[in-house]
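What follows is a set of notes on a single structure, which appears directly below.
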Amino acid sequence: MSRTSIVAGNWKMNLDRGAAEALTKAVAAGRDQAGDVDVVLCPPSIYIGTVGTALSATSGGSPSGVGLGAQNMSEQASGAYTGEISAGMLVDMCCGYVILGHSERRTLMGETDELVAAKVKAALTAGLTPIVCVGEQLAEREADRTHEVVSTQVRGSLAGLSADELAKVVVAYEPVWAIGTGKVATPEQAQDVHALIRSLLTEMASPEVADGIRIQYGGSVKAGNAADLAAQPDIDGALVGGASLEAEGFLAIAAAFR
Ligand code: 13P
């Protein structure tokens, strides 16, 4: 099956309102160079409205051809959860995607596979496409535990989903040691784990469903290394941090996945 690649910019806690608007407009203006690749921007929650307006996004989609996503959400639908944002609110603000289980949330905010699974379920119920992040720490790779750690995260973070639900998920493999370090995984290291993830998805759903699921790589992706990653059979896009804060480089990464 030919999968439509997906390249998403995770802006993390960066930029201000003016810079978010300018970057959005620059990405939208150059978006065509990415061809039929799905291009998605994930700003800080407080700027989702600003970015959505700059994209002319509606709940039916984005005429700019650039999708809108959040970096996190609550597993709860509504209620007394001070500071939290629900999946329904993200849909209301024209988001189509949400990043869940990012390693920074797992390590800094203590998010567990169980919590991530609850968030994934809530996102799917609301009609959002979850981008579910998994990845090993450096010590785990050095102890040759990468497959074990990633398998546990994939099974745990996607627990309780039907094959139909799994078919709607995007998985992002982000080795923690490659995030923000400039140390990108080699294409072979990344492909090895992507193939593992696809085999797990085959067991959890079916070969047909697993074949259709997009698996992104994340961790120090830049314009200069994107083509080698894109050439791997099971790498279907990128989740880009630092390099997504500048339109030209981000669009060059997206174009590498055409
Ligand atoms: P960098 O691209 O800055 O390494 O960040 C990757 C990441 O965490 C994307 O979610």
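Quick note, the sequence shown lines up with residues 1189 to 1446 if you use our numbering.
Positions of the beta carbon are idealized from the N, C-alpha and C atoms, including for glycine.
**OP:** Following the continuous beta strand (DSSP E) through Ala1360, name the residue where it begins and the one where it ends.
**Re:** Counting from 1 along the sequence shown, the entry for residue 1360 is found at position 172. Element bounds for Ala1360: Val1358 to Tyr1361.
Original post:
Would you report the Cα separation of Ala1217 and Ile1401, rounded to the nearest angstrom?
Top reply: Stepping through the sequence shown from its first residue, residue 1217 is reached at position 29. Stepping through the sequence shown from its first residue, residue 1401 is reached at position 213. Distance between the alpha carbons of Ala1217 and Ile1401 is about 28 Å.
Original post:
Applying the criterion that 16 or more other CB atoms from any shown protein chain within 10 Å of the CB defines a buried residue, is Lys1371 buried or exposed?
Top reply: Counted from its first residue, the sequence shown places residue 1371 at position 183. So Lys1371 counts as exposed.
Original post:
Asn1198 by DSSP, collapsed to three states: which one?
Top reply: For the purposes of this step, residue 1198 is taken as residue 10 along the sequence shown, with counting starting at 1. The answer is strand: DSSP assigns Asn1198 an E or B state.
**OP:** May I ask you to list the residues that DSSP assigns as paired with Thr1241?
**Re:** For the purposes of this step, residue 1241 is identified with residue 53 of the sequence shown, where counting begins at 1. According to DSSP, which records beta bridges pairwise, Thr1241 is partnered with nothing at all.
Original post:
By a C-beta neighbour count over all protein chains shown, 10 Å radius and 16 as the cutoff for buried, is Ile1403 buried or exposed?
Top reply: Along the sequence shown, read from residue 1 onward, the residue named residue 1403 stands at position 215. Ile1403 should be labelled buried.
Original post:
Is the number of C-beta pairs between the region 1341-1350 and the region 1293-1311 that are closer than 8 Å three or more?
Top reply: yes
**OP:** Can you tell me the Cβ-Cβ gap for Ile1367 and Gly1315, rounded? I've got them flagged as a contact below 8 Å.
**Re:** By one-based count along the sequence shown, residue 1367 stands at place 179. By one-based count along the sequence shown, residue 1315 stands at place 127. Actually they do not touch by this definition, with Cβ atoms about 29 Å apart.
**OP:** Could you check what DSSP says for Thr1270 in three-state terms: helix, strand or coil?
**Re:** Your numbering for residue 1270 matches position 82 in the sequence shown. Residue state, collapsed to three classes: coil.
Original post:
Between Asn1198 and Ala1398, what straight-line distance do the alpha-carbon atoms span, to the nearest angstrom?
Top reply: If you number the sequence shown from 1, residue 1198 lands on position 10. If you number the sequence shown from 1, residue 1398 lands on position 210. Cα to Cα, the separation comes out at about 25 Å.
Original post:
With a Cβ-Cβ cutoff of 9 Å, do Asp1301 and Arg1333 count as a contact?
Top reply: Translated into positions along the sequence shown, residue 1301 becomes position 113. Translated into positions along the sequence shown, residue 1333 becomes position 145. No, they are not a contact pair.
Original post:
Sorry if obvious, but does the Cβ on Asn1198 come closer than 8 Å to a heavy atom of ligand 1?
Top reply: Looking up residue 1198 in the sequence shown gives position 10. Yes, the beta carbon of Asn1198 sits closer than 8 Å to at least one heavy atom of ligand 1.
**OP:** Could you spell out the range, first to last residue, of the alpha helix (DSSP H) harbouring Ala1444?
**Re:** In the sequence shown, residue 1444 corresponds to position 256, counting from 1. Segment Ala1435 to Ala1444, the alpha helix (DSSP H) holding Ala1444.
Original post:
Where in the region 1265-1329 do unbroken runs of the beta strand (DSSP E), each at least 3 residues long, occur, reported from the N-terminal end onward?
Top reply: 1285-1288 and 1317-1322
Original post:
Buried or exposed: Leu1296, going by 16 or more other Cβ atoms within 10 Å of its Cβ?
Top reply: Here residue 1296 refers to the residue found at position 108 of the sequence shown. It counts as exposed.
Original post:
Do Gly1430 and ligand 1 come close, with the Cβ less than 8 Å from some heavy atom?
Top reply: On the sequence shown, residue 1430 is found 242 positions in, with the first residue counted as 1. Yes - ligand 1 has a heavy atom lying nearer than 8 Å to the Cβ of Gly1430.
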